[in-house]
Amino acid sequence: MAEEKRKVKIKIEKLRKAFGEVVAVKDIDLDIYEGDFLTLLGPSGCGKTTTLRAISGLEEATDGKIYINDKLVFSKKDELIVAPSKRNVGLIFQSYALWPHMTVEANIAFGLKIKKLPKNEIDKRVKNILADVHLEGYGKRYPSELSGGQQQRVAIARMLINRPQIFLMDEPLSNLDARLRIEMRSELIQLHNRTGATTIYVTHDQEEAMTLSTRICVMNEGVIRQIASPEEIYGRPADMFVAGFISNPQMNFFKGIVEQKGAKTVIKAGGFSVEVPKDIVGNRNEVVFAVRPEDFVIDPKGTSYNIKTRLPAGSFQIAMANNGDEKDIALMFDGEEDITTGEVIKLVIKKDKFHIFDKKTEKRLN
Ligand SMILES: Nc1ncnc2c1ncn2[C@@H]1O[C@H](COP(=O)(O)OP(=O)(O)O)[C@@H](O)[C@H]1O
Ligand SMILES: [Mg+2]
């Protein structure tokens, strides 16, 4: 794979972090390539922040190794811990943590003053960085005189001024309103394109991860479930957890009954019937069959479903539908599709847009 030819910028081996009884990170292995925008994605409490803090050096892991630029920066076995300031990483958190009594300029310049850079060099760099984050003319203001988005840009500027090779960001946009969040996503992509800095980005927001990342690392309960491109994670989720987590609204999981019809192997699920290669299902009689809400189309030759509720959202609409099974399914259509509550529609699954999982291991089969 092309990815494996790229330089590994950060290497994590068997990283473990326990807080007393709670094991937040369970022996994870992870390679982050140069220029990656890698997102740690998963539900609250799955160990994203702990992993990021261990990489930054703010948290001492319980076991394992971390290399940055081929240099060992943490090894429990060797009792080696390189200080955060020596790891060449820049950090941004959800809370901007700006100093309220300092102007924007002073906030940004702070790190360079500590390094005792000459004043004219500091002024020049601050001016350039302010332009980079679209805050020209705001240097003399105080944080309280800025919007949330502007404050977050100051935090980004403060990170950039130290010219780190690696950016570590922990839910940096989650305090912003929806519209600003989208604007800032675009700015983060531009920032990444401009600097090429290897970035690790933490979020619980699947849409944000899909938008920003070159690769996504899906975590649950301290374990990595899948590491892949956004397209792969969406198109071929490795297990039922990833499939369910990367879905909005919910993934539809059906009980899939495997039937042999002559030479053909067929899965029957939710009133649908699809032919699959025999080797996918092996000798299983039952599998989990899953279809995304957006992967159904209305077709007169399809399976009948009764529309129970309809949730219009302008450009798209979501409907809950039922065909007599105990569970409703979620459907997502274009906003202009003519659907009414109480109506019976006929559905087919888009070609090959289904996922098959082993019932017990929950791992992907197709
Ligand atoms: N300082 C701490 N002391 C005790 N438990 C902690 C501490 N930090 C995190 N945890 C626990 O570790 C687990 C992972 O937390 P965290 O890495 O913050 O998750 P995430 O960022 O994915 O929401 C959680 O169960 C959390 O309660
Ligand atoms: Mg967190």
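Heads up: take any position in the sequence shown, counting from 1, add 358, and you land on the numbering used here.
We treat Cβ as the ideally placed atom computed from N, Cα and C, and that holds for glycine.
### Query
Which first and last residues belong to the alpha helix (DSSP H) in which Tyr454 is found?
Run containing Tyr454: none; DSSP gives neither H nor E here.
### Query
According to DSSP, is Ile487 helix, strand or coil?
Note: Ile487 maps to helix in three-state DSSP.
#### Entry: In DSSP terms, what Ala376 is bridged to
Answer is Val381.
### Query
Is the beta carbon of Met577 sitting closer than 8 Å to the one on Gly400?
Cβ atoms of Met577 and Gly400: closer than 8 Å.
#### Entry: Length of the line joining the Cα atoms of Ala596 and Lys659
So the alpha carbons of these two residues sit roughly 31 Å apart.
### Query
Excluding five sequence neighbours on each side, which residues of the same chain lie with their C-beta closer than 7 Å to the C-beta of Thr407?
Contacts found: Asp528, Val560.
#### Entry: Nearest neighbour of Leu689, chosen from Gly700, Leu669, Gly682, Ser673 [CA to CA]
For Leu689, the nearest C-alpha among the options comes from Leu669.
### Message
Strictly by DSSP, which residues pair up with Leu399?
### Response
For Leu399, which the question treats as bridged, DSSP gives the partners Thr561, Val576.
### Task
Could you pull out every residue in the same chain whose Cβ sits closer than 6 Å to the Cβ of Phe611, ignoring the five residues on either side in sequence?
The residues are Val646, Ala648.
### Query
Is the Cβ-Cβ distance between Ile524 and Val447 less than 8 Å?
With contacts defined as CB atoms closer than 8 Å, Ile524 and Val447 qualify as a contacting pair.
### Message
Ile547 and Ile574 - do their beta-carbons sit closer together than 8 Å?
### Response
No, the Cβ-Cβ distance between Ile574 and Ile547 is not below 8 Å.
### Query
In angstroms, rounded to a whole number, what distance separates the CA positions of Ala489 and Ala464?
About 16 Å.
### Message
Looking at the strands, I want to know which residues DSSP matches up with His713.
### Response
Ala648.
### Query
On the three-state DSSP scale, how would you describe Leu669?
Leu669: strand per DSSP, three-state reduction.
### Message
Distance check for Leu531 and Arg539, CA to CA, integer angstroms please.
### Response
Arg539 and Leu531: Cα-Cα distance of roughly 6 Å.
### Task
Please list, in chain order, all residues of the same chain as Leu449 whose beta carbon is under 7 Å from its beta carbon, the five residues on each side excluded.
Ser414, Met517, Leu526.
### Task
Look at Gln508 and Tyr500 and say whether their C-beta atoms are less than 8 Å apart.
No, these two residues do not count as a Cβ contact at 8 Å.
### Task
In the DSSP assignment, find the beta strand (DSSP E) that holds Ile413 and state where it starts and stops.
Where Ile413 is concerned, there is no enclosing beta strand (DSSP E), although the alpha helix (DSSP H) it sits in stretches over 406-414.
### Task
From the DSSP output, in three-state form, read off Met460 for me.
When DSSP states are grouped into helix, strand and coil, Met460 belongs to the coil group.
#### Entry: Helix, strand or coil at Val440 [DSSP, three-state]
It is coil, neither helix nor strand.
### Task
If I'm right that Leu410 touches Ile558 with Cβ under 8 Å, what's the distance once you round it to whole angstroms?
The pair is a contact, with the Cβ atoms about 6 Å apart (cut-off 8 Å).
### Task
Would you decide whether Leu438 is buried or exposed? Buried here means 16 or more other CB atoms lie within 10 Å of its CB.
By the C-beta density criterion, Leu438 is exposed, having fewer than 16 other C-beta atoms within 10 angstroms.
### Message
Under 7 Å: does the beta carbon of Thr407 sit that close to some heavy atom of ligand 2?
### Response
It does: the Cβ of Thr407 is within 7 Å (strictly closer) of some heavy atom of ligand 2.
### Message
Determine whether the beta carbon atoms of Val491 and Tyr454 lie at a separation below 8 Å.
### Response
Not closer than 8 Å, so no.
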